[in-house]
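Colleague: Just dropping this structure here.
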Ligand code: NAD
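Residue numbers (my numbering): 1028 to 1432.
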């Protein structure tokens, strides 16, 4: 079970990692090469149409109209329905997640399948203006898909509005300043048409375009040797994983902190392999996530004292993201979680999105330096209850759990 969990997360990161490696001129898998050939250089930043501003996203359902029996059995899905009905009647939910007037920059969105997209939707549903940072080699296909309406269905928000993206910025979070970019990347055709995509330059561009932001989200990871056990990981691969998956967050916060309004919030995504052995989540990726969680605490102190910014990280359960599906291990990970987690339900990207909206809202104004688990409780398990070895030792209910509303 642990092995499958690992494989999943490994799968999630493998494609992106390999792609980065390819861009950096290092060895990559043929699958990654095939995928990357679909990417082409991009120069422009993408603008979507203006939008209807959504109202607010309720944190809880208790202060709104009573849930139906069916809804009570599916509280997560119902959250959206409640949101829609409350706003449809014009009544106040009483305890809203209200991000109207806030602006969010979300780094690590290149399709509508990952956590970054779900976070963008939740923040938008709560009223925030959305800016995205998209990895340069993936930008062209992402922009094209947006323009052609490929994501229109998944852009729909609980209140019937649409996720509106004010601007998409080209970004490669591995490079802090133009001086850091090596010649092979400068001359790489996948980067040829793009400009101003280092972290410093993107922060400057956001400042020039919008002046300031209120929310910074880091939803990206990359580890070129993620499939290798730690014992077989090279120094280069290990450091690359740390650079792309951890220091990228330090860098983003460093360059965006000056334009993050006081009282702002910052968020990253981590994984259980940071603190528990997940065989298969290799290449230094477990180390990168452990460092990310440690950095979350230190940055919470430093950014809190200096800028009044909160810093948290969400430890997410398995998600069938695009990268994970391409590799093919994600179903095992999800099955493992469903079989062994306290809550026997598949994690939705929206579960993480809604938690992110809460964490970035004033409702979480006293929460910082924390790892928040959004994994159906899998992190709390010390035993794989589906293991034949423990069949007689477990007395946990096997029926599908019903979560009280
Ligand atoms: P995803 O593929 O949707 O997101 C990863 C993003 O990182 C991609 O958009 C990719 O283009 C981007 N990226 C890679 N290298 C980059 C770089 N150098 N600069 C800028 N962007 C870069 O997958 P996801 O699963 O949504 O991953 C988002 C975060 O969630 C990651 O930190 C991941 O480790 C974490 N996470 C995922 C899972 C899971 O099961 N999918 C579980 C726990 C944590």
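Cβ coordinates follow ideal geometry from the N, Cα and C atoms, glycine included.
From the DSSP output, which residues share a beta bridge with residue 1342?
Modeller: As a working mapping, residue 1342 is identified with position 315 in the chain shown. Beta-bridge pairing links residue 1342 to 1297 and 1400.
Colleague: First and last residue of the beta strand (DSSP E) that includes residue 1130?
Modeller: Mapped onto the chain shown, residue 1130 falls at position 103. 1130-1134 is the span of the beta strand (DSSP E), which, as asked, contains residue 1130.
Colleague: Hey, which unbroken runs of the beta strand (DSSP E) at 3 residues or more fall wholly within the stretch 1169-1196?
Modeller: Listed in chain order, there is nothing to give.
Colleague: Run through the stretch 1225-1300 for me and flag every whole alpha helix (DSSP H) of 4 or more residues, listed as ranges in chain order.
Modeller: The qualifying runs are 1226-1237, 1262-1269 and 1275-1283.
Colleague: Taking 8 Å as the cut-off, is the beta-carbon of residue 1160 closer than that to any non-hydrogen atom of the ligand NAD?
Modeller: Residue mapping note: residue 1160 aligns to position 133 of the chain shown, counting from 1. Indeed, a heavy atom of the ligand NAD lies less than 8 Å from the Cβ.
Colleague: According to DSSP, simplified to helix, strand and coil, what is residue 1146?
Modeller: As a first step, residue 1146 must be located in the chain shown, where it is residue number 119. Correct three-state label for residue 1146: helix.
Colleague: Within the same chain, show all residues whose beta-carbon is closer than 7 Å to that of residue 1207, passing over the 5 residues directly before and after it, in chain order.
Modeller: In the chain shown, residue 1207 corresponds to position 180, counting from 1. Answer for residue 1207: 1225, listed in chain order.
Colleague: Taking DSSP as the reference, what is the three-state secondary structure of residue 1302?
Modeller: Position 275 of the chain shown, counting from 1, holds the residue named residue 1302. Looking at residue 1302 - three-state DSSP - the assignment turns out to be coil, as it is neither helix nor strand.
Colleague: Taking a contact to mean a Cβ-Cβ separation below 9 Å, would you say residue 1149 touches residue 1381 in this structure?
Modeller: Locating residue 1149 in the chain shown gives position 122, where the first residue counts as 1. Locating residue 1381 in the chain shown gives position 354, where the first residue counts as 1. Going by C-beta atoms, residue 1149 is nearer than 9 Å to residue 1381.
Colleague: Measuring straight from C-alpha to C-alpha, what distance separates residue 1153 and residue 1130?
Modeller: Numbered from its first residue, the chain shown carries residue 1153 at position 126. Numbered from its first residue, the chain shown carries residue 1130 at position 103. If I take the Cα positions, the gap works out to 11 Å.
Colleague: State the DSSP-derived secondary structure class of residue 1415, mapped to helix, strand or coil.
Modeller: Looking up residue 1415 in the chain shown gives position 388. The answer is helix: DSSP assigns residue 1415 an H, G or I state.
Colleague: Just to check, is the beta-carbon of residue 1201 closer than 8 Å to a non-hydrogen atom of the ligand NAD?
Modeller: Along the chain shown, read from residue 1 onward, the residue named residue 1201 stands at position 174. Yes, the Cβ of residue 1201 comes within 8 Å of a heavy atom of the ligand NAD.
Colleague: Considering only heavy atoms of the ligand NAD, does any lie closer than 8 Å to the CB of residue 1345?
Modeller: Locating residue 1345 in the chain shown gives position 318, where the first residue counts as 1. Checking every heavy atom of the ligand NAD against the Cβ of residue 1345, one is found closer than 8 Å.
Colleague: Restricting to Cα atoms, I'd like to know which of 1286, 1407 and 1374 is closest to residue 1227.
Modeller: Mapped onto the chain shown, residue 1227 falls at position 200. Minimum Cα distance to residue 1227 is reached at 1286.
Colleague: Just list the residues that DSSP pairs residue 1206 with in beta bridges.
Modeller: Mapped onto the chain shown, residue 1206 falls at position 179. Its beta-bridge partners do not exist; DSSP assigns none.
Colleague: Can you say whether residue 1256 is buried or exposed, counting buried as having 16 or more other CB atoms within 10 angstroms of its CB?
Modeller: Here residue 1256 corresponds to residue number 229 of the chain shown, with the count starting at 1. Exposed: under 16 other Cβ atoms inside 10 Å.
Colleague: Look at the Cβ atom of residue 1201, then the Cβ atom of residue 1169, and state whether they are nearer than 9 Å.
Modeller: Sequence index remark: in the chain shown, residue 1201 carries index 174 (1-based). Sequence index remark: in the chain shown, residue 1169 carries index 142 (1-based). No. Outside cutoff.
Colleague: In the stretch 1350-1397, which residue ranges form an unbroken alpha helix (DSSP H) of at least 4 residues, counting only runs that do not cross its ends?
Modeller: Complete alpha helix (DSSP H) runs here, min 4: 1357-1367 and 1376-1386.
Colleague: What residue range is occupied by the uninterrupted beta strand (DSSP E) comprising residue 1159?
Modeller: As a first step, residue 1159 is located in the chain shown; it is residue number 132 there, counting from the start. It spans 1156-1162 - the beta strand (DSSP E) in which residue 1159 sits, taken as one unbroken run.
Colleague: What I want to know is whether the C-beta of residue 1403 ends up closer than 8 Å to one or more non-hydrogen atoms of the ligand NAD.
Modeller: Sequence index remark: in the chain shown, residue 1403 carries index 376 (1-based). It does not: the Cβ of residue 1403 is nowhere closer than 8 Å to a heavy atom of the ligand NAD.
Colleague: Buried or exposed for residue 1316, please, with buried defined as at least 16 other CB atoms from any protein chain shown within 10 angstroms of its CB.
Modeller: In the chain shown, counting from the first residue as 1, residue 1316 sits at position 289. With 16 or more other Cβ atoms within 10 Å, it is buried.
Colleague: Roughly how many angstroms lie between the CA atoms of residue 1199 and residue 1417, to the nearest whole one?
Modeller: For the purposes of this step, residue 1199 is identified with residue 172 of the chain shown, where counting begins at 1. For the purposes of this step, residue 1417 is identified with residue 390 of the chain shown, where counting begins at 1. Each residue's Cα considered, the two are about 46 Å apart.
Colleague: Between the C-alpha atoms of residue 1242 and residue 1212, what's the straight-line distance to the nearest angstrom?
Modeller: Locating residue 1242 in the chain shown gives position 215, counting from the first residue. Locating residue 1212 in the chain shown gives position 185, counting from the first residue. Answer to the nearest angstrom: the Cα atoms are 30 Å apart.
Colleague: Once you ignore the five residues that flank residue 1458 on each side, which residues in its own chain have a CB closer than 8 Å to its CB?
Modeller: Given that the chain is displayed from residue 1028 to residue 1432, the structure contains no residue 1458 and the question cannot be resolved.
Colleague: Between the alpha carbons of residue 1336 and residue 1327, how many angstroms are there, rounded?
Modeller: On the chain shown, residue 1336 is found 309 positions in, with the first residue counted as 1. On the chain shown, residue 1327 is found 300 positions in, with the first residue counted as 1. Approximately 7 Å between the Cα atoms of the pair.
Colleague: Which of the three DSSP states, helix, strand or coil, is assigned to residue 1122?
Modeller: If you number the chain shown from 1, residue 1122 lands on position 95. Reduced to three states, the DSSP call for residue 1122 is coil.
Colleague: For residue 1203, which residues from the same chain have a beta carbon less than 7 Å from its beta carbon, with the 5 sequence-adjacent residues on both sides left out?
Modeller: The residue you call residue 1203 lines up with position 176 of the chain shown. Once the five neighbours on either side are set aside, the close Cβ partners of residue 1203 are 1225, 1226, 1227 and 1278.
Colleague: Under 8 Å: does the beta carbon of residue 1357 sit that close to some heavy atom of the ligand NAD?
Modeller: By 1-based counting over the chain shown, the position of residue 1357 is 330. At least one heavy atom of the ligand NAD is nearer than 8 Å to the Cβ of residue 1357, so yes.
Colleague: Which residues does DSSP list as the beta-bridge partners of residue 1405?
Modeller: Position 378 of the chain shown holds residue 1405. Answer is none; residue 1405 lacks a bridge partner.
Colleague: Please check the pair residue 1161 and residue 1193, which I expect to be a contact at CB under 8 Å, by giving their CB distance rounded to whole angstroms.
Modeller: Start at 1 with the first residue of the chain shown, and residue 1161 comes out as number 134. Start at 1 with the first residue of the chain shown, and residue 1193 comes out as number 166. Not quite, the Cβ-Cβ distance comes to about 14 Å (not below 8 Å), so this is no contact.
Colleague: Just verifying my parser: in three-state terms, what is the DSSP assignment at residue 1410?
Modeller: Residue 1410 sits at position 383 when you count from the first residue of the chain shown. Looking at residue 1410 - three-state DSSP - the assignment turns out to be coil, as it is neither helix nor strand.
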